[in-house]
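Residue numbers (my numbering): 14 to 82.
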């Protein structure tokens with residue numbers, strides 16, 4: 014799947030307990046239809062950064078697995 018098939022969405026987190034007790038306020042979801050990564054943060058930028066890091070870490074893991082075969 015190419016980059017054009019990847020979608021990202023950031024929204025305010027609706028978990029009342031997390032927001033009430035100082036948890037995360039934003040959630041970003043990145044998906045390409047095959048896999049999904051979610052990042053949470055206190056700001057929209059933070060949640061996007063966390064999701065992006067998770068997405069790229071998974072890409073690196075897949076590349077290493079292919080090299081081992």
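Beta carbons are placed, not taken as given, at the ideal position from N, Cα and C, and that holds for glycine.
Does the distance from the CB of residue 61 to the CB of residue 42 come in under 7 Å?
Indexing the chain shown from 1 puts residue 61 at position 48. Indexing the chain shown from 1 puts residue 42 at position 29. Contact flag unset, no.
Which value, in whole angstroms, describes the spacing of the CA atoms of residue 14 and residue 65?
On the chain shown, position 1 is the one that residue 14 refers to. On the chain shown, position 52 is the one that residue 65 refers to. Unreliable placement is indicated for residue 14, whose pLDDT of 39 sits below 50; the coordinate value is still reported in the next sentence. If you take the alpha carbons of residue 14 and residue 65, they lie about 17 Å apart.
Let me know if residue 20 comes out buried or exposed under the rule of 16 or more other beta-carbons within 10 Å of its beta-carbon.
-> To locate residue 20, count along the chain shown from 1; it is residue 7. Exposed is the call here.
_By the DSSP assignment, the beta strand (DSSP E) with residue 39 in it spans what residues?_
Numbered from its first residue, the chain shown carries residue 39 at position 26. 39-44 is the extent of the beta strand (DSSP E) around residue 39.
Quiz item: Across which residues does DSSP place residue 53 in a beta bridge pair?
Solution: Within the chain shown, the letter at position 40 stands for residue 53. Answer is 40, bridged to residue 53.
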